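Read through the structure below, which is laid out as structure tokens, and then see the notes.
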Amino acid sequence: MKLIKKIAAIMFAFMMVVSMSCNVKAEETEGIYGQKDGSITITGALPDQTYTIYEMLKLESFSGDNYSYTIADGWKEFFKDGADGAKYMQKDENGYMSFIAGKKGDSDIREFAQKALAYAKKN
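In my numbering, the protein residues as written are -1 to 121.
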């Protein structure tokens, strides 16, 4: 019985964390690729809560599901060799950024986001 209670407690805690998260998605305002400016919708936003968005990467080009990103102004120091961002993302010979193989897990992305937020607040 104790084992069942422990498992149930873990499951309820996990469900509570998942249900409290909010989803953020970008939404195009016109056609599939017709307009360059999109919008961002925050689902489950809390009243009187301020949400801040930081542009770390610039979308240079795309075709279907293929995207090419470069470093946005103000983030070059974060992604330079030896800096926190370079531990998670790499720049190829054309200057395009991608996640390093093996650094795409939830815990890695969470750490990356925390370090990026700390950098954004500091700069």
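Virtual Cβ for every residue (Gly too), placed ideally from N, Cα, C. Model, not experiment: these values are computed from the prediction.
Neighbour-count burial assignment, residue i, 16 or more Cβ in a 10 Å radius
{"i": "Tyr117", "result": "buried"}
{"i": "Ala11", "result": "exposed"}
{"i": "Phe77", "result": "buried"}
{"i": "Ala7", "result": "exposed"}
{"i": "Ala43", "result": "exposed"}
{"i": "Ala114", "result": "buried"}
Own chain partners of residue i with C-beta closer than 7 Å, once the 5 adjacent residues on each side are dropped
{"i": "Tyr67", "result": "Leu55, Lys56, Leu57, Glu58, Tyr94 and Met95"}
{"i": "Glu75", "result": "Ala81"}
{"i": "Phe97", "result": "Tyr86 and Met87"}
{"i": "Tyr65", "result": "Leu57"}
{"i": "Asp106", "result": "Tyr86"}
Proximity winner among the options, relative to residue i (alpha-carbon distances)
{"i": "Asp129", "options": "Leu1, Tyr86 and Ile38", "result": "Here the chain covers residues -1 to 121 and nothing more, so residue 129 does not appear."}
{"i": "Phe110", "options": "Ile8, Ser37, Gly42 and Ala84", "result": "Ala84"}
{"i": "Ser37", "options": "Pro45, Leu44 and Ile51", "result": "Ile51"}
6 Å CB neighbourhood of residue i in its chain, flanking five on each side removed
{"i": "Glu53", "result": "Ala70"}
Neighbourhood of residue i by C-beta distance below 8 Å, restricted to the same chain and skipping five residues each side
{"i": "Gly72", "result": "Asn121"}
{"i": "Gln143", "result": "The structure shown does not extend to residue 143, since the chain is modelled only from -1 to 121, so the question has no answer here."}
{"i": "Ser61", "result": "none"}
Cβ-heavy atom distance, residue i to the ligand PLP, below 7 Å
{"i": "Ala81", "result": "The ligand PLP is absent from the structure shown, which contains no ligands of any kind."}
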